[in-house]
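S.K.: Its first residue numbered 1, the sequence shown is counted upward by one per residue in this note's numbering.
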Amino acid sequence: MNPYVLTILLSSLGLGTVLTFASSHWLLAWMGLEINTLAIIPLMARQYHPRAVEATTKYFLTQATAAAMILFASTTNAWLVGEWDIQQLTHPIAVTTAMLALALKVGLAPVHFWLPEVLQGLDLTTGLILSTWQKLAPFALMLQVAPTVNSSLIVTLGLLSTLVGGWGGLNQTQLRKILAYSSIAHLGWMVLIMQFAPSLTLLSLIMYIIMTSSAFMTLKTNNSLTINALAISWTKAPTLAALAILVLLSLGGLPPLSGFMPKWLILQELTKQGLPMSATLAAMTALLSLYFYLRLCYAMTLTIWPNTLAATTPWRLDFTHTTLPLSLVTMLALGLLPLTPAVAALLNL
1 MNPYVLTILL
11 SSLGLGTVLT
21 FASSHWLLAW
31 MGLEINTLAI
41 IPLMARQYHP
51 RAVEATTKYF
61 LTQATAAAMI
71 LFASTTNAWL
81 VGEWDIQQLT
91 HPIAVTTAML
101 ALALKVGLAP
111 VHFWLPEVLQ
121 GLDLTTGLIL
131 STWQKLAPFA
141 LMLQVAPTVN
151 SSLIVTLGLL
161 STLVGGWGGL
171 NQTQLRKILA
181 YSSIAHLGWM
191 VLIMQFAPSL
201 TLLSLIMYII
211 MTSSAFMTLK
221 TNNSLTINAL
231 AISWTKAPTL
241 AALAILVLLS
251 LGGLPPLSGF
261 MPKWLILQEL
271 TKQGLPMSAT
281 LAAMTALLSL
291 YFYLRLCYAM
301 TLTIWPNTLA
311 ATTPWRLDFT
321 HTTLPLSLVT
331 MLALGLLPLT
341 PAVAALLNL
């Protein structure tokens with residue numbers, strides 16, 4: 001892709017998100033979301049592959065539907081209440097429609113069906129943008145809308161997403177689909193606590209972005225797209241493979257890794273709010289996700305790619321990729337748990 005075109009598209013991607021962040025009026029927020037969607041579509045379709053074009057079409061249709069629902073919800077609220085302000089979305093029909101539209105935008109269950117299919121058709125770099133940056137603008141709106149939404153709806157969306165995210169990833173062999181279901185499960189955890197402790201949702205989102213970035217960059221460095229392809233990771237880069245296992249376990253939420261921090265604080269907060277059954281169910285669904293992360297760890301370390309050549313293998317040649325971003329996010333994905341008391345004090349938990 002032409003570097004000038006790429007610069008314009010990435011700038012538009014940033015502009016759309018910042019516009020949504022800065023807006024207090026529904027039409028301006030909607031405009032930001034539309035700029036965001038239109039900027040990523042050429043990035044998704046740049047592979048000239050039927051699967052990429054199909055993924056782009058699916059993405060465009062779902063995002064357009066969600067945008068139309070947001071516009072409908074805000075217009076309904078303006079008509080019935082007389083307010084265009086985002087935080088003044090008070091009418092029950094408008095609030096529920098807006099929440100479901102934003103759930104469709106980010107890929108929460110039960111409106112998640114587009115996410116694994118779309119992610120499977122993209123290359124890993126665009127998949128990373130879709131899984132991280134594209135979640136920011138809808139989440140900014142969700143956090144503003146959440147206080148007026150029925151809490152049963154939010155908890156149901158959260159628990160259903162953690163369950164679907166764990167269950168859906170069990171039988172997958174494609175790594176991009178596994179990461180898509182992992183994304184759905186993590187989004188479920190964020191939404192679950194959104195009404196009770198918005199600061200925790202923000203913390204979970206930051207941790208999710210760090211861990212997912214590390215996972216996608218590792219797969220891109222190893223050039224792995226299926227579970228079978230992970231078997232050569234150890235031969236290619238032993239250190240990276242060892243760290244990748246820890247990143248996957250961090251995504252699963254195992255102590256003493258960073259991924260345990262948001263889960264721990266969320267379960268603690270849910271128990272404080274008098275929702276022990278929701279906390280138990282969320283913790284149980286985390287085990288489903290942990291199972292498929294362990295599958296990936298097994299494929300990476302305990303299986304060996306059949307190799308009968310005695311000659312020097314091509315992956316022993318000098319490595320040319322820049323690895324600084326990967327190193328930074330991997331370090332953050334593994335070592336932030338000791339900061340938990342400081343984070344808890346900062347968020348007044």
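We put the beta carbon where it would ideally sit given N, CA and C, even for glycine.
Taking 8 Å as the cut-off, does the segment 94 to 112 touch the segment 61 to 79 (at least 3 CB pairs, one atom from each stretch)?
M.R.: These segments touch.
S.K.: Please state if the CB of residue 189 and the CB of residue 158 are separated by a distance shorter than 8 Å.
M.R.: Residue mapping note: residue 158 aligns to position 158 of the sequence shown, counting from 1. Residue mapping note: residue 189 aligns to position 189 of the sequence shown, counting from 1. Contact flag set, yes.
S.K.: Can you tell me where the alpha helix (DSSP H) with residue 298 in it begins and where it stops?
M.R.: Start at 1 with the first residue of the sequence shown, and residue 298 comes out as number 298. It spans 276 to 301 - the alpha helix (DSSP H) in which residue 298 sits, taken as one unbroken run.
S.K.: Considering residue 43, what are the terminal residues of the alpha helix (DSSP H) in which it resides?
M.R.: Start at 1 with the first residue of the sequence shown, and residue 43 comes out as number 43. It spans 26 to 45 - the alpha helix (DSSP H) in which residue 43 sits, taken as one unbroken run.
S.K.: Following the continuous alpha helix (DSSP H) through residue 351, name the residue where it begins and the one where it ends.
M.R.: Missing from the structure shown is residue 351; the chain here goes from 1 to 349 and no further.
S.K.: When the Cα atoms are used, what is the spatial distance from residue 309 to residue 191?
M.R.: Position 309 of the sequence shown, counted from the start, is the residue given in the question as residue 309. Position 191 of the sequence shown, counted from the start, is the residue given in the question as residue 191. Note on residue 309: pLDDT 48, under 50, position unreliable in the model; no value is reported.
S.K.: Considering residue 18, what are the terminal residues of the alpha helix (DSSP H) in which it resides?
M.R.: The residue given as residue 18 occupies position 18 in the sequence shown. Unbroken alpha helix (DSSP H) run through residue 18: 3 to 22.
S.K.: Nearest by alpha-carbon distance to residue 197: which of 24, 43, 139 and 348 is it?
M.R.: Residue 197 sits at position 197 when you count from the first residue of the sequence shown. The option with the nearest alpha carbon to residue 197 is 348.
S.K.: What residue from 255, 74 and 24 has the CA that sits closest to residue 92's CA?
M.R.: Locating residue 92 in the sequence shown gives position 92, where the first residue counts as 1. Nearest of 255, 74 and 24 to residue 92, Cα basis: 74.
S.K.: Among all the DSSP beta bridges, which residues are the ones paired with residue 85?
M.R.: Here residue 85 refers to the residue found at position 85 when the sequence shown is read from its first residue. Bridge partners of residue 85: 25.
S.K.: Determine the direct distance from the alpha carbon of residue 298 to that of residue 96, and round the result to whole angstroms.
M.R.: Taking the sequence shown and counting its residues from 1, the one referred to as residue 96 is at position 96. Taking the sequence shown and counting its residues from 1, the one referred to as residue 298 is at position 298. Going by the C-alpha atoms only, they are around 42 Å apart.
S.K.: Kindly identify the DSSP beta-bridge partner or partners of residue 273.
M.R.: Position 273 of the sequence shown holds residue 273. Answer by DSSP bridge pairing: none, since residue 273 is not bridged.
S.K.: DSSP has residue 174 in a bridge; who is on the other side?
M.R.: As a first step, residue 174 must be located in the sequence shown, where it is residue number 174. According to DSSP, which records beta bridges pairwise, residue 174 is partnered with 226.
S.K.: Please identify the residue among 29, 152, 233 and 124 whose C-alpha is closest to the C-alpha of residue 87.
M.R.: Numbered from 1 along the sequence shown, position 87 holds the residue referred to as residue 87. The residue with the shortest Cα to Cα distance from residue 87 is 29.
S.K.: Between which residues of its own chain and residue 47 is the CB-CB distance below 7 Å, once the five residues before and five after are set aside?
M.R.: Sequence index remark: in the sequence shown, residue 47 carries index 47 (1-based). Here the set comprises 123.
S.K.: Could you tell me the distance, in whole angstroms, from the CA atom of residue 217 to the CA atom of residue 330?
M.R.: Taking the sequence shown and counting its residues from 1, the one referred to as residue 217 is at position 217. Taking the sequence shown and counting its residues from 1, the one referred to as residue 330 is at position 330. Approximately 9 Å between the Cα atoms of the pair.
S.K.: Give me the Cα-Cα distance between residue 130 and residue 119, rounded to the nearest whole angstrom.
M.R.: On the sequence shown, position 130 is the one that residue 130 refers to. On the sequence shown, position 119 is the one that residue 119 refers to. The straight-line gap from Cα to Cα measures roughly 8 Å.
S.K.: Between the alpha carbons of residue 290 and residue 180, how many angstroms are there, rounded?
M.R.: Reading the sequence shown from its first residue, position 290 is the one you call residue 290. Reading the sequence shown from its first residue, position 180 is the one you call residue 180. Straight-line Cα distance between these residues: approximately 14 Å.
S.K.: At what residues does the alpha helix (DSSP H) containing residue 48 begin and finish?
M.R.: On the sequence shown, residue 48 is found 48 positions in, with the first residue counted as 1. That residue, residue 48, is in no alpha helix (DSSP H); it is neither H nor E in DSSP.
S.K.: Comparing alpha-carbon positions, which option in 274, 76, 58 and 81 lies nearest residue 117?
M.R.: Within the sequence shown, the letter at position 117 stands for residue 117. Per the Cα distances, 58.
S.K.: Quick one: what does DSSP say residue 322 is sitting in, helix, strand or coil?
M.R.: Position 322 of the sequence shown, counted from the first residue, corresponds to residue 322. DSSP places residue 322 in coil when its eight states are reduced to three.
S.K.: Of the choices 172, 82, 148 and 288, whose alpha-carbon is the least far from that of residue 225?
M.R.: Position 225 of the sequence shown, counted from the first residue, corresponds to residue 225. When only C-alpha atoms are compared, the closest one is 172.
S.K.: Could you check if residue 51 is buried or exposed, using at least 16 other CB atoms within 10 Å of its CB as the buried criterion?
M.R.: Residue 51 sits at position 51 when you count from the first residue of the sequence shown. Exposed.
S.K.: Where residue 311 and residue 235 are concerned, what is the direct C-alpha to C-alpha distance, given to the nearest angstrom?
M.R.: In the sequence shown, residue 311 corresponds to position 311, counting from 1. In the sequence shown, residue 235 corresponds to position 235, counting from 1. Legend: pLDDT at residue 311 = 47, less than 50; position of this residue unreliable, no value from coordinates given.
S.K.: Can you list the alpha helix (DSSP H) stretches of 4 or more residues lying completely in the segment 125 to 179, in chain order?
M.R.: The segment 125 to 179 contains these whole alpha helix (DSSP H) runs: 133 to 145 and 151 to 168.
S.K.: Between the segment 137 to 148 and the segment 10 to 28, are three or more C-beta pairs nearer than 8 Å?
M.R.: Cβ pair count under 8 Å is three or more, so yes.
S.K.: Determine the direct distance from the alpha carbon of residue 262 to that of residue 272, and round the result to whole angstroms.
M.R.: Within the sequence shown, residue 272 is the residue found at index 272, counting from 1. Within the sequence shown, residue 262 is the residue found at index 262, counting from 1. Each residue's alpha carbon lies about 15 Å from the other.
S.K.: My assumption, with CB atoms under 8 Å, is that residue 288 sits in contact with residue 166. Please give the rounded CB distance.
M.R.: Reading the sequence shown from its first residue, position 288 is the one you call residue 288. Reading the sequence shown from its first residue, position 166 is the one you call residue 166. Right, the Cβ-Cβ distance comes to about 3 Å (below 8 Å), so this counts as a contact.
S.K.: Pull up the distance between the alpha-carbon of residue 212 and that of residue 128, whole angstroms please.
M.R.: Taking the sequence shown and counting its residues from 1, one reaches residue 212 at position 212. Taking the sequence shown and counting its residues from 1, one reaches residue 128 at position 128. If I take the Cα positions, the gap works out to 8 Å.
S.K.: Hey, quick one: how far does the alpha helix (DSSP H) through residue 343 stretch, first residue to last?
M.R.: Against the sequence shown, residue 343 aligns to sequence position 343. 340 to 346 is the span of the alpha helix (DSSP H), which, as asked, contains residue 343.
S.K.: Go ahead and label residue 208 buried or exposed: buried means 16 or more other beta carbons lie within 10 angstroms of its beta carbon, across all protein chains shown.
M.R.: Here the question's residue 208 lines up with position 208 in the sequence shown. Classification of residue 208: buried, given that the 10 Å Cβ count is 16 or more.
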